[in-house]
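Chains as they are written, first to last, in my numbering: chain A, 317 to 629; chain B, 3 to 228.
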């Protein structure tokens with residue numbers, strides 16, 4: 317019996333009938349909603365051939381979507397690499413034995429987690445434009461990446477810290493007892509374990525970053541959404557242009573989400589078999605401690621509400 | 003600094019941010035709960051539709067959704083949630099379109115939050131409910147959802163905080179909220195650009211910090227003791 321079915325009994329003849337009726341109603345509602353959208357689009361001439369045929373033309377992809385995708389990927393890649401490095405430094409700072417360093421990093425992290433990414437992007441963009449440190453056409457890219465980095469490094473810093481916090485205490489004690497200093501213990505023993513455990517969270521943070529690159533639209537960064545809008549004006553097919561852009565984003569992010577789940581599954585299987593092999597029950601599952609989804613046995617499971625899936629606003 | 007706040011109506015802008023957040027979170031909660039019930043239901047089609055909704059909305063950038071609401075939903079498909087005869091037609095229209103976008107986007111996260119709340123409930127609760135003869139609907143209404151909401155305070159609170167910050171995206175369709183004010187301030191007073199940024203940024207800290215504290219207080223107070 318799957319966990320989901322705990323909410324309701326195996327249906328009897330009456331319940332089966334009821335479920336069928338509900339299913340039909342459900343289909344009707346979904347079909348009605350889709351049908352309304354379809355009818356609306358048809359009514360407004362959005363489903364005509366000339367709105368959609370541009371997508372058959374390779375030059376549309378070559379001029380709009382592929383450069384847009386490339387610019388999105390470039391910003392996301394730069395942001396994830398820099399955020400991760402900065403997050404490591406911040407995490408070291410937040411866990412440092414030096415109180416002032418702890419305070420500074422804590423303020424940094426709490427501040428940039430509370431401020432919207434877009435506010436930082438707008439500020440950086442106008443700031444750079446005024447200062448003129450870089451060529452004008454680079455500013456949107458730098459501003460987009462800066463906004464993403466400030467926010468995401470703060471979030472990832474907290475992820476690393478939680479990961480370290482969820483390790484068994486024996487890890488730290490063992491490190492100290494063989495004569496490592498407390499910062500060596502953190503660097504050599506604790507953080508590497510936390511990093512392995514946070515891999516799924518890191519991948520789902522990439523989804524957040526990919527989605528947030530679209531904020532670059534507001535500061536004129538020519539990413540996928542900006543290109544879709546340009547295409548919409550050029551070919552007078554705004555709705556189809558956005559639908560295709562949305563589909564591209566969904567495919568990329570859905571793929572990344574599946575990747576995060578696969579990594580999480582693999583880690584769970586591994587930590588379980590490792591626990592079995594050593595017979596060290598106390599250690600078992602602790603490697604997956606960062607992913608909050610672990611250890612839900614005996615609860616009403618409803619499919620995979622993995623810990624990673626809960627983030628990503 | 004006070005002069006800047008007065009000159010650029012920063013408080014009015016933040017009031018707009020708060021109104022956006024309140025209306026969007028209300029609708030997001032309603033839509034999200036409905037989708038969560040669909041995902042928990044025994045009817046395959048509804049489960050599938052709920053899952054599809056979450057997957058689609060969660061993986062689309064909010065900027066795209068809000069822009070689509072303005073340029074697509076209103077501009078091309080003629081959905082007009084404001085009256086043309088009103089004096090504040092454009093303002094109302096953009097505000098409501100932004101609320102629609104924000105609500106539908108965050109509803110997907112509300113659904114996931116409620117589902118994680120359901121995950122905190124021991125199986126015995128639902129089994130006991132069934133064994134005393136409650137139907138699925140009664141089970142949800144009296145046993146599962148009340149506990150799920152209480153267990154989901156923290157993730158729901160995180161969605162609310164994210165939503166407050168995400169209201170800034172409404173600047174893409176010209177809603178005069180905090181990000182809009184920042185752009186204005188920078189345009190007219192570029193000499194104090196850092197101060198402009200700090201005023202708006204601290205405004206958001208003032209909004210999100212107490213929300214976070216209230217959420218952790220509530221989640222401790224309302225936790226289902228087992």
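Every residue gets a Cβ at the ideal spot worked out from N, C-alpha and C, and that includes glycine.
- The C-beta of residue 340/A has fewer than 16 other C-beta atoms within 10 Å across all chains shown, which makes the residue exposed.
- About 14 angstroms separates the Cβ atoms of residue 531/A and residue 561/A, ruling out a contact at the 8 angstroms cut-off.
- Going by DSSP, residue 449/A is part of no alpha helix (DSSP H) at all; its letter is neither H nor E.
- Looking at 579/A, 419/A, 362/A and 504/A, the one whose alpha-carbon comes closest to that of residue 555/A is 362/A.
- Here residue 504/A is not near residue 441/A, since their CB atoms are 7 angstroms or more apart.
- Shown here, residue 148/B sits in a helix according to DSSP, grouped into three states.
- Look at the beta carbons and you see the region 126–137 of chain B not touching the region 185–193 of chain B: under three pairs across the two are nearer than 8 angstroms.
- In terms of Cβ geometry, residue 174/B and residue 69/B form a close pair [threshold 7 angstroms].
- DSSP, reduced to helix, strand and coil, places residue 516/A within a helical segment of the structure shown.
- About 6 angstroms separates the beta carbons of residue 391/A and residue 457/A, which is inside the 8 angstroms limit, making them a contact pair.
- For residue 60/B, the enclosing alpha helix (DSSP H) starts and ends at 46–60.
- The Cβ atoms of residue 116/B and residue 23/B do not sit closer than 7 angstroms to each other.
- For the region 546–569 of chain A, residues whose beta-carbon sits nearer than 7 angstroms to a beta-carbon of chain B comprise 554, 555, 558, 561, 562, 565, 566 and 569.
- When 8 angstroms is used as the limit between beta carbons, residue 65/B is near these residues of chain A: 530, 531, 533, 534 and 541, in chain order.
- Taking a Cβ-Cβ threshold of 9 angstroms, the residues of chain A close to residue 129/B are 322, in chain order.
- By the Cβ test, the region 104–116 of chain B is in contact with the region 64–83 of chain B, since at least three Cβ pairs between them sit closer than 8 angstroms.
- With respect to chain B, the C-beta atom of residue 343/A has a partner C-beta closer than 7 angstroms.
- DSSP places residue 538/A outside both helix and strand once states are collapsed to three, so it counts as coil.
- Runs of alpha helix (DSSP H) with 4 or more residues, each lying fully within the region 446–500 of chain A, are found at 455–481 and 485–493, listed in chain order.
- Using a Cβ distance threshold of 7 angstroms, residue 157/B and residue 118/B count as a contacting pair.
- Within the same chain, Cβ atoms closer than 7 angstroms to the Cβ of residue 15/B are found at 178, 179, 180, 182 and 183, the five residues on either side in sequence being excluded.
- Here residue 28/B is exposed: its Cβ has fewer than 16 other Cβ atoms, across all protein chains shown, within 10 Å.
- Between residue 338/A and chain B, the shortest Cβ-Cβ separation is below 7 angstroms.
- Between residue 170/B and chain A, the shortest Cβ-Cβ separation is below 7 angstroms.
- For residue 575/A, the CB contacts under 6 angstroms within the same chain, skipping 5 residues up- and downstream, are 519 in chain order.
- Shown in chain order are the members of the region 170–188 of chain B whose Cβ falls below 9 angstroms from a Cβ of chain A: 170, 171, 173, 174, 180, 181, 184, 185 and 188.
- According to DSSP, residue pairing for residue 192/B in a beta bridge does not occur.
- Going by beta carbons, residue 210/B and residue 166/B fall inside the 7 angstroms limit.
- Taking residue 53/B as the centre and dropping the five residues before and after it, the same chain places the C-beta of 41 closer than 8 angstroms to its C-beta, in chain order.
- Between the C-alpha atoms of residue 586/A and residue 513/A there is a straight-line separation of about 11 angstroms.
- Residue nearest to residue 136/B within the set 325/A, 629/A and 584/A is 325/A (criterion: CA-CA distance).
- Look at residue 61/B: its C-beta is under 7 angstroms from a C-beta on chain A.
- Within 10 angstroms of the beta-carbon of residue 439/A lie 16 or more other beta-carbons, which makes it buried.
- At a Cβ-Cβ threshold of 7 angstroms, residue 545/A and residue 78/B do not count as neighbours.
- For residue 124/B, the secondary structure class from DSSP, reduced to helix, strand or coil, is strand.
- Of all residues in the region 345–363 of chain A, only 346, 356, 357, 360 and 362 come within less than 7 angstroms of chain B when Cβ atoms are compared, listed by chain position.
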